[in-house]
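Residue numbers (this note's numbering), protein chains in the order written: chain A, 745 to 1068; chain B, 15 to 371. A short worksheet on the structure shown next.
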Ligand SMILES: Cc1ncc(C[n+]2csc(CCOP(=O)(O)OP(=O)(O)O)c2C)c(N)n1
Ligand SMILES: [Mg+2]
């Protein structure tokens, strides 16, 4: 099996789904000739031509709005936002229309569309290139929200997202694009949406996390080996949430920390914590702690290091739960 | 019955042609010394580019967007403004900041991802990263000037790619409808990353996009510093006299990559780049000076050396600025810091102290 990075894994998923299903097309700014600024769509225009790999004008509302129309009319667009922060330029189409067409039409209209883009920080990018907006999307009822943490899942989740009848926002942690390689099968396979994964087994404490933070949490768990036995749950899909996976783990460990890069207040960690207390409060030995970004706009990169949750903060969070 | 209800045309201006010859019928009232000043600033901008590019490659600054090729467009237009006028940049206006007198070291500091660089400058707004979005708040700024009966006007810069965004069309429409004192300055540098101008829109000119909104719209050779100055100055005067907005399509060329993260050889030909290198705005002014016998090589060398020294000093100063502290993350989110943020700030300060970050 070949070892490939996340960029290559997503590229493979797009290629294989385009080969398999003529309705699938890719569109966005600089996705064709340039292959996307991160090269996620590299080589696709050569294979599928410019009617299926479309370099669009620079207009996110235009891209999202027209892609939705294509989906309504039976195509399956995979739309790239050059950076997920620029989806805000078309947010009204996401929330007003993409998320609601099925309900509005009593199930008559399918908006089978994938909106994908680089997400999160840690690469010293310019302002607004490091956003973590998973909560915004999770709060647009009707969308699914997916965020892989490794190349293997990225490929399988992308294939599932393209095949899904509902609109999916697919968040790609840009810090992980080329950070490491996985063994990824060449053939097509799926990783189901809505299923979390136990990324590491442990019995003392549960960390619930997603995206780029999964790697960091796994590193922390290794550091604590022999002292504290940490279980790490990688949500993979933010919404619909795999509540069972979380509850099962917490019932076993009796302790939980939620880790995410987005700001703390109203972050999705609050939702996770609320569900644990609703459904498993009597299993808890201590309060649930959140380790997250601060409640500030993601800063320009001179301050990035201060903002990002790091191993020290996660260990501090774990210790406060363990020593409650 | 059938009749033509309205027809339109788009005018194109050039004062200095690519050989530096003057069209005397269009030559504005501009002292020779001012043209020399423009030239000097353009060399300074070019020098900035050269040195910051290298600095990026050595990891001392972040992603950098070169101005190279657009010096006449930036310096020429900025020279037509008054200090009190509002300037709303996108992200490629290093030359405009320089012309507007921004401290040189601050410009370097900004490219190091350090927002303290923008502190205290009210009329030159911070860089706008979301493409085209600045056109709307710029329009609002101009609107407020009009409502308050103030004489300052607003200029907003953006690229050819930005004119595909809805925000741009909405800004045009408001500015036209309310006859606002604003100049929409489009740097049509032929590319938006890998997207060529002709693939951005089937509209034959960008200027005509303004006409639909009742905005006086015109094209100028953006590599002709004198032409850009003239057209911008006329737009400034019209805006200040209450005659409303102007859209200037400045036709120029992005000689470098989109930014230091880009590789333009993936999508454009060397021949095209060569064609434009021959139309370098700096060369054009040098030819002009030669034509009127006000150039000598010694002057050229002196300008270049002066600029190199100025930029080297700015870089040295910027690199010596101490890294921002954790307070910078919190202090400017609200006028009065909410309690929750005060606590988070304390948390971070303790961590920084402990870890010696
Ligand atoms: C709303 C938004 N979409 C996408 C981007 C990514 N992006 C940055 S610059 C750029 C191209 C801009 O082209 P143009 O407006 O012509 O300006 P130029 O870079 O040529 O100066 C793109 C797509 C962005 N910054 N903002
Ligand atoms: Mg451009």
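We put the CB at the ideal spot given by N, CA and C, even for glycine.
Interfacial residues, the stretch 838–871 of chain A to chain B, with Cβ spacing under 9 Å: Under the 9 Å Cβ criterion, the stretch 838–871 of chain A contributes 868, 869, 870, 871.
C-alpha gap between residue 961 of chain A and residue 772 of chain A, whole angstroms: Our two residues, residue 961 of chain A and residue 772 of chain A, have alpha carbons roughly 33 Å apart in a direct line.
Considering only the alpha carbon of each residue, which of A/1010, A/1065, A/1034 lies closest to residue 879 of chain A? If you compare the alpha carbons of A/1010, A/1065, A/1034 with that of residue 879 of chain A, the shortest gap goes to A/1010.
Using a Cβ cut-off of 9 Å, which residues of the stretch 801–829 of chain A contact any Cβ in chain B, in chain order? Hits within the stretch, in order: 801, 802, 803, 804, 805, 806, 826, 829.
List the residues of chain B whose Cβ lies closer than 8 Å to the Cβ of residue 920 of chain A, in chain order. Within chain B, no residue comes near residue 920 of chain A; the closest Cβ sits about 17 Å away, beyond 8 Å.
In angstroms with no decimal places, state the Cα-to-Cα distance between residue 1132 of chain A and residue 750 of chain A. Nothing in the structure corresponds to residue 1132 of chain A, since chain A is present only between 745 and 1068.
Would you say the beta carbon of residue 237 of chain B comes nearer than 8 Å to a heavy atom of ligand 1? No, the Cβ of residue 237 of chain B stays beyond 8 Å of every heavy atom of ligand 1.
If you measure from the beta carbon of residue 1046 of chain A to each beta carbon in chain B, is any gap under 9 Å? Taking Cβ atoms only, chain B reaches closer than 9 Å to residue 1046 of chain A, which makes this a yes.
For residue 1029 of chain A, count neighbouring Cβ atoms within 10 angstroms of its own Cβ and tell me buried if that reaches 16, exposed if not. Exposed is the call here.
For residue 861 of chain A, the first and last residue of its enclosing beta strand (DSSP E): In this chain, the beta strand (DSSP E) harbouring residue 861 of chain A covers 858–863.
So residue 1038 of chain A contacts chain B; which residues on that side make the cut at Cβ distance below 9 Å? Chain B residues near residue 1038 of chain A: 343, 344, 355, 358, 359, 361, 362.
Should residue 888 of chain A go down as buried or exposed, given a rule of 16 or more other Cβ atoms within 10 Å for buried? Buried, because 16 or more other Cβ atoms sit within 10 Å of the Cβ of residue 888 of chain A.
Residues of chain B with a CB under 8 Å from the CB of residue 781 of chain A: which are they? The contacting residues are 207, 275, 276.
Looking at C-alpha atoms only, which residue of B/24, B/72, B/318 is the closest neighbour of residue 222 of chain B? For residue 222 of chain B, the nearest C-alpha among the options comes from B/24.
Should residue 199 of chain B be counted as a contact of ligand 1 given a C-beta to heavy atom distance under 8 Å? No, Cβ of residue 199 of chain B sits at least 8 Å from all heavy atoms of ligand 1.
What is the DSSP secondary structure of residue 202 of chain B, reduced to helix, strand or coil? For residue 202 of chain B, the secondary structure class from DSSP, reduced to helix, strand or coil, is strand.
From the DSSP output, in three-state form, read off residue 1004 of chain A for me. Here residue 1004 of chain A sits in strand by DSSP.
Name the DSSP beta bridge partners of residue 1035 of chain A, please? Secondary-structure assignment with DSSP links residue 1035 of chain A through a beta bridge to A/1003.
Measuring alpha carbon to alpha carbon, tell me which of A/759, A/954, A/842 ends up nearest residue 981 of chain A. Cα-wise, what sits closest to residue 981 of chain A is A/954.
What are the partner residues of residue 746 of chain A, as DSSP defines its beta bridges? Beta bridge pairing from DSSP links residue 746 of chain A with A/928.
Closer than 8 Å: is that where the CB of residue 280 of chain B sits relative to any heavy atom of ligand 1? Residue 280 of chain B Cβ: outside cutoff for every heavy atom of ligand 1.
Just the Cα atoms here: how many angstroms apart are residue 287 of chain B and residue 270 of chain B? Rounded to the nearest angstrom, the two C-alpha atoms are 9 Å apart.
Segment limits, alpha helix (DSSP H) that includes residue 222 of chain B: Note, residue 222 of chain B: alpha helix (DSSP H), 221–225.
Hey, out of A/925, A/862, A/840, whose CA is closest to residue 886 of chain A's CA? Comparing Cα positions, the closest option is A/840.
According to DSSP, simplified to helix, strand and coil, what is residue 100 of chain B? The three-state reading of DSSP puts residue 100 of chain B in strand, counting E and B together.
Within the stretch 746–775 of chain A, note down every full alpha helix (DSSP H) run reaching 4 residues or more, in order along the chain. The stretch 746–775 of chain A contains, as complete alpha helix (DSSP H) runs of 4+ residues, the segments 750–764 (chain order).
Kindly examine ligand 2 and report whether one of its heavy atoms sits closer than 8 Å to the Cβ of residue 204 of chain B. Answer for residue 204 of chain B: yes, Cβ within range of ligand 2.
Out of A/977, A/859, A/921, A/794, point me to the one whose CA is closest to residue 835 of chain A's CA. Of A/977, A/859, A/921, A/794, the residue nearest in Cα terms is A/859.
Give the range of the beta strand (DSSP E) segment to which residue 231 of chain B is assigned. Residue 231 of chain B -> beta strand (DSSP E) spans 230–235.
Hey, residue 815 of chain A and residue 748 of chain A are a contact pair by Cβ (cut 8 Å); roughly how many whole angstroms apart? Here residue 815 of chain A is actually not in contact with residue 748 of chain A; their C-beta atoms are around 29 Å apart, not less than 8 Å.
Rounded separation between residue 1007 of chain A and residue 1037 of chain A - CA only: Rounded to the nearest angstrom, the gap between the Cα atoms of residue 1007 of chain A and residue 1037 of chain A is 4 Å.
At the 9 Å Cβ level, is residue 219 of chain B part of the contact set with chain A, yes or no? It does not: the Cβ of residue 219 of chain B has no partner Cβ on chain A nearer than 9 Å.
What does residue 1041 of chain A touch in chain B if you count any residue whose Cβ is under 8 Å from its own? Correct list: 347.
For a minimum of 3 consecutive residues, which ranges assigned as the beta strand (DSSP E) are wholly contained in the stretch 126–174 of chain B? The qualifying runs are 168–173.
What does the alpha-carbon distance come out to for the pair residue 797 of chain A and residue 911 of chain A? If I take the Cα positions, the gap works out to 19 Å.
Taking 8 Å as the cut-off, is the beta-carbon of residue 173 of chain B closer than that to any non-hydrogen atom of ligand 2? Between ligand 2 and residue 173 of chain B, a heavy atom-to-CB distance of less than 8 Å is present.
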